[in-house]
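Number of protein chains: 2
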Amino acid sequence: MKAKVHVTLKTGVLDPQGKAVAHALESLGFSGVRGVRQGKFIEIDLGDQNPGGAHARVDAMCRQLLANTVIEDYAIDIVD
Amino acid sequence: MKAKVHVTLKTGVLDPQGKAVAHALESLGFSGVRGVRQGKFIEIDLGDQNPGGAHARVDAMCRQLLANTVIEDYAIDIVD
């Protein structure tokens, strides 16, 4: 069983990395890009744990380590 | 229209960042984690472009800037 976690900056939090990417795209000739936000994508191989507790376990991982909940949101997808 | 891009390391490419996260999770008491891979998640606001050409444009962005195709794979999702 695997967990796919998306960690993204909350709306309103400045994203200098995303801004740099947007500028670079414009320099390369990609016009019309209105904005870029960059986040993290984390895949966790959970082994053979029961699906019931998996979401709660990964939620605890996000709160304790993977996301800074002051400025970041996270979304968890449990897949087989 | 928005594009969601996942950039992940190819299978077989070492991921020291993911390894560090796996170790940290174990130190925090989350046992049974078999492995962690960390990638990037990029959201691009494309404005009002036609959906037909959007995928090809974002594919070009990935090849030219967002992903290092020697060691990274990318996946593109176009959403409204």
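Top to bottom, those sequences are chains F and Y. For the first sequence, this note's numbering assigns the number 1 to the initial residue and increments by one for each residue that follows. For the second sequence, this note's numbering assigns the number 101 to the initial residue and increments by one for each residue that follows. Each residue gets a CB set at the ideal place from its N, CA and C atoms; glycine is no exception. Quantities reported herein were computed from a predicted structural model and do not represent experimental measurements.
Item                                                                                                            : Value
Candidates E43(F), G18(F) and L14(F), of which the one nearest I144(Y) by Cα                                    : G18(F)
A83(F) at chain Y interface by Cβ criterion, 8 Å                                                                : Since the first residue shown for chain F is 1 and the last is 80, residue 83(F) is missing from the structure and cannot be characterised.
Pair within 8 Å by beta-carbon distance, I171(Y) and H155(Y)                                                    : no
Closest residue to G112(Y) among E126(Y), A124(Y), R137(Y) and G129(Y) (Cα-Cα distance)                         : R137(Y)
Any 3 or more C-beta pairs closer than 8 Å across the region 17-36 of chain F and the region 118-130 of chain Y : no
Min CB distance D45(F) to chain Y below 8 Å                                                                     : yes
For F141(Y) and K10(F), believed in contact at Cβ under 8 Å, the rounded distance                               : Going by Cβ atoms, the distance from K10(F) to F141(Y) rounds to 14 Å, so no, they are not a contact pair.
Opposing strand residues paired with V105(Y) [DSSP bridges]                                                     : I142(Y) and I176(Y)
R57(F), buried or exposed, once every other Cβ within 10 Å from all chains shown has been counted against 16    : buried
Proximity to L128(Y) [Cα-Cα], best of Y74(F), I76(F), D15(F) and C62(F)                                         : C62(F)
Contact set for D173(Y): own chain, Cβ-Cβ below 6 Å, skip 5 residues either direction                           : T108 and K110
Reduced DSSP secondary structure (H/G/I, E/B, other) of R37(F)                                                  : strand
Helix, strand or coil at G52(F) [DSSP, three-state]                                                             : helix
Chain Y contact for V21(F) (CB, 8 Å cutoff)                                                                     : yes
Simplified DSSP assignment, three categories, for L125(Y)                                                       : helix
Three-state secondary structure (DSSP) of D159(Y)                                                               : helix
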